[in-house]
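**Q** Numbering (our numbering), first residue to last: 34 to 182.
Note that CB positions come from ideal geometry on N, CA and C, so glycine has one too.
Values in this document were obtained by computation on a predicted structure and should not be read as measured data.
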């Protein structure tokens, strides 16, 4: 007898759950149907949202690549390409480089100020090995001073 009472209660609970589920589905379907165009009153048309400037403040913005002539990074270690240590063509220095990436080319500058194009390096290599920029400079000389060259 107790089993029948429990079974009736369980069946009643299941019927209630199914009824609520059917109501829920009906509400979802009713909300998904687009309203009839005649039912929309002109007053209910929402005004467009105001335009908000969501850019960073000017002092936090970083110049884009087309606004920068080139990028530089210090490289205190020797550069080894094709199992050969790269040395300055004029003074034979092989470490403490300043690597310059500009116009799709990579240049090496030694501490003495000699510059040479390095065709075995490309912009992709520079981008893989450089970190984020810590400063921007108006002139090449300002950047050299900033990097201690």
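How big is the Cα-Cα spacing for residue 93 and residue 64?
**A** 44 Å
**Q** Use the C-beta contact count for residue 142: other C-beta atoms within 10 angstroms, 16 or more gives buried, fewer gives exposed.
**A** Under this definition residue 142 is a buried residue.
**Q** Residue 153 and residue 114 look like a contact to me (Cβ under 8 Å); what is the Cβ gap, rounded to whole Å?
**A** Going by Cβ atoms, the distance from residue 153 to residue 114 rounds to 5 Å, so yes, they are a contact pair.
**Q** Less than 6 Å between C-beta atoms, sequence neighbours within five positions excluded: which residues of the same chain meet that for residue 106?
**A** Only 132 and 163 meet the Cβ criterion.
**Q** Express the C-alpha separation of residue 135 and residue 99 in angstroms, rounding to a whole number.
**A** Using only the alpha carbons, I get a separation of about 11 Å.
**Q** In this structure, how does DSSP classify residue 156 when only helix, strand and coil are distinguished?
**A** DSSP places residue 156 in the helix class (H, G or I) of the three-state scheme.
**Q** I'd like the span of the beta strand (DSSP E) that includes residue 94, first residue to last.
**A** Segment: none, residue 94 is in no beta strand (DSSP E) and carries neither H nor E.
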